[in-house]
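Enquirer: First the structure, then my questions, so here it is.
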Amino acid sequence: MTWLVWRQHRGQYLIGAALLAAFAVTIVVTGTQVADQFHAAQAACAAGHGCQRLGGLFMGSKVVGLLVLATLGTPVLVGLFWGAPLVAAESEAGTTQFAWMQSVTRKRWLAVKIGWMLLAAAIWGGVISALVTWWASPTNAEQLNQFDPGRFDIMGIVPVGYSLFAVALGVTAGALLRRTVPAVAVTLAGFVAVRVVITLWLRSHYLSAVTVTSSVLGNYGPQGAYWRLASGVLGPNGQPLPQPNNALYLDGVPQTYLPHACTVMYGPNPPDNPPAACAQALSHFREYLTYQPGDRFWAFQGIETGIFVVLAATLIAVTAVTLLRRDV
Amino acid sequence: MTWLVWRQYRLQFSLGAALLAAFAALIVITGVQAADQWHAAQAACAASHGCQNLFLGSHAVGFLVIMTVGAPVLVGLFWGAPLVAAESEAGTTHFAWMQSVTRKRWFAVKVGWMLLAAALWGGVISALVTWWSGPDNAQQLDAFNTGRFDIMGIVPVAYSVFALALGIAAGALVRRVLPAMAITLGGFIAVRAVIALFLRRHYLSPVTAYHSVITSFTPSGSYWSLGMGVLFPNGQPVDQNTNGNVLNGVPVTYLPASCNQTTRGVFTPPPSCTQALAHFRGYLTYQPAGRYWTFQGIETGIFLVLAAALIAVTAVTLLRRDA
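Order-wise, the sequence lines are chains A and B. Offset between the first sequence (1-based) and this note's numbering: plus 1016. Offset between the second sequence (1-based) and this note's numbering: plus 6.
This is the structure:
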């Protein structure tokens, strides 16, 4: 059976391996340069006067950066080009009638085919993610943004979960529809829909968010790469202030809420500290920040991976039940 | 023949039309809200200060609008690639090409209707996105930027036509649906990326403006910034990637001590500092906003020519091939 799987799918697997190899070469070559640049900058910072401008340091080429961002779309490829045709192409060509009449049982046929494909999908997602995570580590250290949607999704272990889910979705769509092109379309649409819904609406609720309030006169920022969910200013009555677009702000408080003493702060050459009457007025306002702390990154990666692996397992179970019951 | 095309592809066309209708409903409803918000804000801005940080529309719809950058390739994948390949794979070309309808006419009618449908797909999506983004464009002045340019105006029509032609050509040459889809996806992304990232900026030679670093310079409208920086008095560019303080684009290590900013807020440099700054010049290389439609026209032309070449290759290949 394993030999059969290799013979049938070697074209697909070889193309996948070739793409991975080309990607790895690009990433390793450019990533080494980026890492050197980063270490040189860090050394310069340690030697001289703190790194105020390190945020403006440009990490690597824009084209490779775009390629790294484009790896958001790589998990679905295995669903489209490996998963969807797995059963559908055989159904369409009528070769299931032949395949399922051999000495190999239908159960074993399915288990071996899907098993190898899931393994290949996990490798695909894992290798791409490992390369991207390594490449992006200077940028992560500098921008502290790996928890943000879009960055979280291309690093760590979630790309493995996405790839497994994409293959399972493709296999299921193909087994149920029995035609390749519609199965490809369903896989594409289903994958995008599930990913978008989970990313935009569910992910922020995996663990209850932390809300911190602090004086607007201070400057509060949590440690590390936290994920900012909401922020704003609370009025003296504890209610969030509206933030109109056409107002001047001082420390996040619209001008209309502040006494006349604060006007000097808007002029040219404002004093370092607001006048006493203004500081007094400002002290009644508090700013709030709702966020997921940076040290929850791996917990969130684990939860999201778990969700997608469970979805994948469910889809595979549905496929197995459907196919084992189906008349040839 | 037209009846045959409709019978064979009515499912694909109906699905496409349903998706367009759903997208149109969503865009029109949220677009009317965004436009109302915009006009209310404009009135408020005119009454008081300038408008910054105005947020228009919902995150989810904004995301959907950005995603339309991928819409053209869908017609290439699901309409174009199977057009010839599915018939070759099923062996129905043997039957189709033996009828009283000549192979030339069969190909012309099928491809003609498909191209029309693809142009409609790209045009309707682009018209909706362009209208929806009107307030955003007026506020952000970023219509010329890579990524925004690609989902508005007339270029999405050409992208769709090109994607379809690429799909048909790949299907006709490879004769198998799935490999044809993979080639269409890979080819479309490669051509779009190369043209958007490397070629587009050279359609017309960019304008470089020099200005004093003390006064800032901003061209009018939605210009496309290609490069900017600061030059030493001798014309050499200043390396701005330093770890120190920067004043008006010039690292303070090149400036007298009087330029060291110590207070917060707006810094008004003393005369000795202003004089030192006056020797530096800033430059901005850009494509002026007035060239937007010229660029749209050139890019559309390029993709239409590519599409025509692909259709021609396909026609020659198919007409010469034994059934």
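Note that the Cβ used here is the ideal one computed from N, Cα and C, for glycine as well. None of these values were measured; they are calculated from a predicted model.
For the region 116 to 132 of chain B against the region 154 to 173 of chain B, do three or more pairs of beta-carbon atoms, one drawn from each stretch, fall closer than 8 Å, so that the two count as touching?
Expert: The region 116 to 132 of chain B is in contact with the region 154 to 173 of chain B.
Enquirer: Quick check: the region 78 to 94 of chain B against the region 181 to 195 of chain B, are there 3 or more CB pairs under 8 Å?
Expert: At 8 Å Cβ cutoff, the stretches touch.
Enquirer: Given that Ala1201/A touches chain B, what residues does it touch there, using C-beta distances under 7 Å?
Expert: Indexing the first sequence from 1 puts residue 1201/A at position 185. Simply Phe84.
Enquirer: Measuring straight from C-alpha to C-alpha, what distance separates Val1349/A and Gln14/B?
Expert: Here chain A has residues from 1017 to 1344 only, and residue 1349/A is not among them.
Enquirer: Do Ala66/B and Leu1192/A count as a contact pair if the criterion is CB distance below 8 Å?
Expert: Counting from one through the first sequence, the residue named residue 1192/A turns up at place 176. Counting from one through the second sequence, the residue named residue 66/B turns up at place 60. Not closer than 8 Å, so no.
Enquirer: Can you tell which of Gly1141/A, Arg1026/A, Leu1126/A, Arg1167/A has the C-alpha that lies nearest to the C-alpha of Ser1153/A?
Expert: Taking the first sequence and counting its residues from 1, the one referred to as residue 1153/A is at position 137. Among Gly1141/A, Arg1026/A, Leu1126/A, Arg1167/A, the Cα nearest to that of Ser1153/A is on Arg1167/A.
Enquirer: What in chain B is Cβ-close to Val1079/A, meaning under 7 Å?
Expert: Locating residue 1079/A in the first sequence gives position 63, counting from the first residue. Residues of chain B passing the Cβ test: Leu203.
Enquirer: On a Cα-Cα basis, can you pick out the residue from Lys110/B, Leu210/B, Val107/B that is closest to Gly296/B?
Expert: For the purposes of this step, residue 296/B is identified with residue 290 of the second sequence, where counting begins at 1. With distances taken between Cα atoms, Gly296/B lies closest to Leu210/B.
Enquirer: Write down the C-beta distance between Tyr1242/A and Ile1319/A rounded to the nearest angstrom, noting that I regard them as a contact closer than 8 Å.
Expert: Indexing the first sequence from 1 puts residue 1242/A at position 226. Indexing the first sequence from 1 puts residue 1319/A at position 303. Not a contact, Cβ separation roughly 17 Å.
Enquirer: Which residue's Cα is closest to the Cα of Ile33/B: Ala124/B, Ser139/B, Val107/B, Gly303/B?
Expert: For the purposes of this step, residue 33/B is taken as residue 27 along the second sequence, with counting starting at 1. Checking every option, the nearest Cα to that of Ile33/B belongs to Ser139/B.
Enquirer: Do Asn151/B and Trp230/B have their beta-carbon atoms positioned less than 8 Å apart in this structure?
Expert: Here residue 230/B refers to the residue found at position 224 when the second sequence is read from its first residue. Here residue 151/B refers to the residue found at position 145 when the second sequence is read from its first residue. Taking 8 Å as the Cβ cut-off, Trp230/B and Asn151/B qualify as a contacting pair.
Enquirer: With the cut-off set at 8 Å, would you say Val236/B and Val258/B are in Cβ contact?
Expert: For the purposes of this step, residue 236/B is identified with residue 230 of the second sequence, where counting begins at 1. For the purposes of this step, residue 258/B is identified with residue 252 of the second sequence, where counting begins at 1. No. Outside cutoff.
Enquirer: Which word fits Leu1305/A, buried or exposed, when buried means at least 16 other C-beta atoms lie within 10 angstroms of its C-beta?
Expert: Along the first sequence, one-based indexing puts residue 1305/A at 289. It is buried - the Cβ of Leu1305/A has at least 16 other Cβ atoms within 10 Å.
Enquirer: Quick one, which of Thr1048/A, Val1120/A, Ala1056/A, Ala1105/A has its alpha-carbon nearest Leu1020/A's?
Expert: Stepping through the first sequence from its first residue, residue 1020/A is reached at position 4. The shortest Cα separation from Leu1020/A among Thr1048/A, Val1120/A, Ala1056/A, Ala1105/A belongs to Val1120/A.
Enquirer: Can the beta-carbon of Ala175/B be found closer than 8 Å to that of Leu316/B?
Expert: As a first step, residue 175/B must be located in the second sequence, where it is residue number 169. As a first step, residue 316/B must be located in the second sequence, where it is residue number 310. Going by C-beta atoms, Ala175/B is nearer than 8 Å to Leu316/B.
Enquirer: Does Met187/B come within less than 8 Å of chain A when only Cβ atoms are used?
Expert: Numbered from 1 along the second sequence, position 181 holds the residue referred to as residue 187/B. For Met187/B, the answer is yes, since a Cβ of chain A falls inside 8 Å of its Cβ.
Enquirer: Is there at least one Cβ from chain A nearer than 8 Å to Val183/B's Cβ?
Expert: Mapped onto the second sequence, residue 183/B falls at position 177. Yes, because at least one Cβ of chain A sits closer than 8 Å to the Cβ of Val183/B.
Enquirer: Strictly below 9 Å CB to CB, what residues from chain A border Ala66/B?
Expert: Taking the first residue of the second sequence as position 1, residue 66/B is located at position 60. Neighbours of Ala66/B on chain A, chain order: Val1212, Leu1216, Trp1217.
Enquirer: Please list the terminal residues of the continuous beta strand (DSSP E) segment that includes Leu237/B.
Expert: If you number the second sequence from 1, residue 237/B lands on position 231. Start and end: 230 to 237.
Enquirer: According to DSSP, is Tyr1273/A part of a helix, a strand, or is it coil?
Expert: Numbered from its first residue, the first sequence carries residue 1273/A at position 257. Note: Tyr1273/A maps to helix in three-state DSSP.
Enquirer: I'd like to know whether the C-beta atoms of Leu1147/A and Ala1037/A end up nearer to each other than 8 Å.
Expert: Position 131 of the first sequence, counted from the start, is the residue given in the question as residue 1147/A. Position 21 of the first sequence, counted from the start, is the residue given in the question as residue 1037/A. Their beta carbons are not under 8 Å apart, which means Leu1147/A does not touch Ala1037/A by this criterion.
Enquirer: Give a yes or no on whether the minimum CB-CB distance between Pro88/B and chain A is below 8 Å.
Expert: The residue you call residue 88/B lines up with position 82 of the second sequence. Answer yes: the Cβ-Cβ gap between Pro88/B and chain A drops below 8 Å somewhere.
Enquirer: If we cut at 8 Å on Cβ distances, does Gly1071/A have a partner in chain B?
Expert: Taking the first sequence and counting its residues from 1, one reaches residue 1071/A at position 55. Confidence in Gly1071/A is poor, its pLDDT being 48 and thus under 50, which makes the residue's placement unreliable; the coordinate value appears in the next sentence. Gly1071/A does not count as touching chain B.
Enquirer: Please list the segments of the alpha helix (DSSP H) lying wholly inside the region 1284 to 1308 of chain A, counting only runs of 4 or more residues, in order along the chain.
Expert: Complete alpha helix (DSSP H) runs here, min 4: 1292 to 1298.
Enquirer: Taking the alpha helix (DSSP H) that Arg1122/A belongs to, which residues open and close that run?
Expert: In the first sequence, counting from the first residue as 1, residue 1122/A sits at position 106. That run of the alpha helix (DSSP H) goes 1122 to 1151.
Enquirer: Using DSSP with H/G/I as helix, E/B as strand and the rest coil, what is Gln14/B?
Expert: Here residue 14/B is taken as the residue at index 8 of the second sequence, counted from 1. Three-state DSSP puts Gln14/B in a helix.
Enquirer: What residues in the region 1243 to 1256 of chain A bring their beta carbon closer than 7 Å to a beta carbon of chain B?
Expert: So nothing in the stretch comes that close.
Enquirer: Mind checking which residues open and close the beta strand (DSSP E) that includes Trp1243/A?
Expert: The residue you call residue 1243/A lines up with position 227 of the first sequence. Where Trp1243/A is concerned, the enclosing beta strand (DSSP E) stretches over 1243 to 1250.
Enquirer: Is Gln242/B helix, strand or coil by DSSP?
Expert: Taking the first residue of the second sequence as 1, we reach residue 242/B at position 236. If DSSP states are grouped into helix, strand and coil, Gln242/B belongs with coil.
Enquirer: Considering Cα atoms alone, identify which of Gln1271/A, Ile1139/A, Val1200/A is closest to Val1174/A.
Expert: Your numbering for residue 1174/A matches position 158 in the first sequence. Among Gln1271/A, Ile1139/A, Val1200/A, the Cα nearest to that of Val1174/A belongs to Ile1139/A.
Enquirer: For Glu1303/A versus Val1232/A, is the C-beta spacing smaller than 8 Å?
Expert: Mapped onto the first sequence, residue 1303/A falls at position 287. Mapped onto the first sequence, residue 1232/A falls at position 216. Yes. Within cutoff.
Enquirer: Mind listing the chain B neighbours of Thr1196/A? Cutoff is C-beta to C-beta under 8 Å, in chain order.
Expert: Residue numbering aside, residue 1196/A sits at position 180 when the first sequence is read from its first letter. Going along chain B in sequence order, the residues near Thr1196/A (Cβ under 8 Å) are Val183, Leu184.
Enquirer: Note down the Cα distance separating Tyr260/B from Asn1289/A, rounded to an integer number of angstroms.
Expert: What you label residue 260/B is simply residue 254 of the second sequence in a count that begins at 1. What you label residue 1289/A is simply residue 273 of the first sequence in a count that begins at 1. Their backbone Cα atoms lie some 30 Å apart in a straight line.
Enquirer: Whole angstroms are fine: how far does the CA of Pro1309/A sit from the CA of Asn1161/A?
Expert: Here residue 1161/A refers to the residue found at position 145 of the first sequence. Here residue 1309/A refers to the residue found at position 293 of the first sequence. Cα-Cα distance, rounded: 12 Å.
Enquirer: Listed in chain order, which residues of the region 1083 to 1107 of chain A have Cβ atoms closer than 7 Å to some Cβ of chain B?
Expert: For the region 1083 to 1107 of chain A, which is checked against every Cβ of chain B, the residues closer than 7 Å are Phe1097, Pro1101.
Enquirer: Take Ala1105/A and list the residues in its own chain whose beta-carbon comes closer than 6 Å to its own, dropping the five residues that flank it on each side.
Expert: For the purposes of this step, residue 1105/A is identified with residue 89 of the first sequence, where counting begins at 1. Thr1196, listed in sequence order.
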